[in-house]
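Undergrad: Below you will find the structure I want to go over with you.
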Amino acid sequence: GAGVSQSPRYKVAKRGQDVALRCDPISGHVSLFWYQQALGQGPEFLTYFQNEAQLDKSGLPSDRFFAERPEGSVSTLKIQRTQQEDSAVYLCASSLAAGEETQYFGPGTRLLVL
Amino acid sequence: GENVEQHPSTLSVQEGDSAVIKCTYSDSASNYFPWYKQELGKGPQLIIDIRSNVGEKKDQRIAVTLNKTAKHFSLHITETQPEDSAVYFCAASYSTGNQFYFGTGTSLTVIP
Chain A
-9 GAGVSQSPRY KVAKRGQDVA LRCDPISGHV SLFWYQQALG QGPEFLTYFQ
41 NEAQLDKSGL PSDRFFAERP EGSVSTLKIQ RTQQEDSAVY LCASSLAAGE
91 ETQYFGPGTR LLVL
Chain B
78 GENVEQHPST LSVQEGDSAV IKCTYSDSAS NYFPWYKQEL GKGPQLIIDI
128 RSNVGEKKDQ RIAVTLNKTA KHFSLHITET QPEDSAVYFC AASYSTGNQF
178 YFGTGTSLTV IP
């Protein structure tokens, strides 16, 4: 079946612009995660949804970052007033159920803020 | 929170040789340890995982060992092939919350 998909794959934004990154998890997966991966580093946790509920947003670096999953499937990560330090790959992952450990990752969105 | 360290950061091996990547973790509550392979421009792909009630797990040429007392775990790849070249990440998580804490990655190059 289809894996996790993300769009756009690449995004170039001018500093100060708002961006929206989309994640389509594997159909039926309850849990959804967002990670940020800086160049040459491992992914770092941003936020976690169980269905439509955002259960953990402790990794969001500032209040410019906002995530939602209103119908418990597709999720959007929004970054307002982008800054150069926001440049990174944003990865989305999903897992079948709450407490199910295996996470399946999408290809990521590479964001470059100029 | 959890802190995962990974070594080495880069590793070059001749085709057919073995490769070993090591990780340590800080929180004894962690009980799930996946390994991911990430190729250029792609998302991480799970290659093997181990839970804290198991000391070793093997899948064809790939094996993972876990030492809970010392809080370290290792990835072993035998009979390496050029297509094994990629960046490998270890991770740790608790039984609840499921947030993964990743290591900094190992860039593996298999020389034909």
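Order-wise, the sequence lines are chains A and B.
Residue -9 is where the first sequence starts when you use our numbering, and the numbers rise one by one after that.
Residue 78 is where the second sequence starts when you use our numbering, and the numbers rise one by one after that.
Backbone N, C-alpha and C define an ideal beta-carbon position, used for all residues, glycine too.
(1) Quick one, which of Q73(A), Y0(A) and T66(A) has its alpha-carbon nearest D14(A)'s?
(2) Nearest by alpha-carbon distance to F55(A): which of R71(A), A87(A) and A43(A) is it?
(3) Are there 16 or more other CB atoms within 10 angstroms of the CB of K4(A), so buried, or fewer, so exposed?
(4) Does any residue of chain A bring its CB to less than 8 angstroms from the CB of F150(B)?
(5) Under 8 angstroms, do I124(B) and K134(B) count as touching if we go by C-beta distance?
(6) Applying a beta-carbon distance threshold of less than 9 angstroms, which residues of chain D neighbour D126(B)?
(7) Based on DSSP bridge pairs, tell me the residues matched to F179(B).
(8) Taking one C-beta from the segment 89 to 100 of chain B and one from the segment 45 to 53 of chain A each time, how about it: are there three or more such pairs within less than 8 angstroms?
(9) Let me check understanding here. Comparing Cα to Cα, which of I69(A), C82(A) and Q40(A) lies closest to D8(A)?
(10) From K189(B) to E79(B), what distance separates their C-alpha atoms?
(11) Can at least three beta-carbon pairs, one atom from the segment 90 to 98 of chain A and one from the segment 143 to 152 of chain B, be found at a separation below 8 angstroms?
(12) Which whole runs of the beta strand (DSSP E) in the segment 110 to 170 of chain B are 3 residues long or more, in chain order?
(13) Measuring alpha carbon to alpha carbon, tell me which of H153(B), T157(B), V164(B) and S170(B) ends up nearest E196(B).
(14) For K148(B), which option in F110(B), V97(B) and P85(B) has the closest C-alpha, if you only look at C-alpha atoms?
(15) Would you report the Cα separation of T101(B) and S86(B), rounded to the nearest angstrom?
(16) Can you name the residues of chain A whose CB is closer than 8 angstroms to the CB of S170(B)?
(17) Let me check one thing: in DSSP terms, what residues is K113(A) bridge-paired to?
(18) What does G120(B) touch in chain A if you count any residue whose Cβ is under 7 angstroms from its own?
(19) Name the one or two DSSP bridge partners that S85(A) has.
(20) Can you grab the Cα-Cα spacing for the pair R138(B) / S162(B), in whole Å?
TA: Per the coordinate set shown:
(1) Taking each of Q73(A), Y0(A) and T66(A) in turn and checking the Cα distance to D14(A), the smallest one comes out for T66(A).
(2) The residue with the shortest Cα to Cα distance from F55(A) is R71(A).
(3) By the neighbour-count criterion, in which a residue is buried when 16 or more other Cβ atoms sit within 10 angstroms of its Cβ, K4(A) is exposed.
(4) Look at F150(B): its C-beta is not under 8 angstroms from any C-beta on chain A.
(5) No. Outside cutoff.
(6) Looking for chain D here will not work: the only protein chains present are A and B.
(7) DSSP, once it has assigned bridges, lists A168(B) as partnering F179(B).
(8) Not touching, per the Cβ criterion.
(9) Closest in alpha carbon position to D8(A), among I69(A), C82(A) and Q40(A), is I69(A).
(10) It is Pro, not Lys, that sits at residue 189(B) in the sequence shown. Using only the alpha carbons, I get a separation of about 37 angstroms.
(11) Contact fails: fewer than three Cβ-Cβ distances are below 8 angstroms.
(12) Entirely contained in the segment 110 to 170 of chain B, the beta strand (DSSP E) runs reaching 3 residues are, in chain order, 122 to 128, 133 to 136, 139 to 144, 149 to 154 and 163 to 169.
(13) Limits of chain B in this structure are 78 at one end and 189 at the other, which puts residue 196(B) out of reach.
(14) Taking only the C-alpha atoms, the option nearest K148(B) is F110(B).
(15) The straight-line gap from Cα to Cα measures roughly 14 angstroms.
(16) Simply E91.
(17) Missing from the structure shown is residue 113(A); chain A here goes from -9 to 104 and no further.
(18) Here the neighbours are L81, F95, G96, P97 and G98.
(19) Answer is S21(A), bridged to S85(A).
(20) Using only the alpha carbons, I get a separation of about 14 angstroms.
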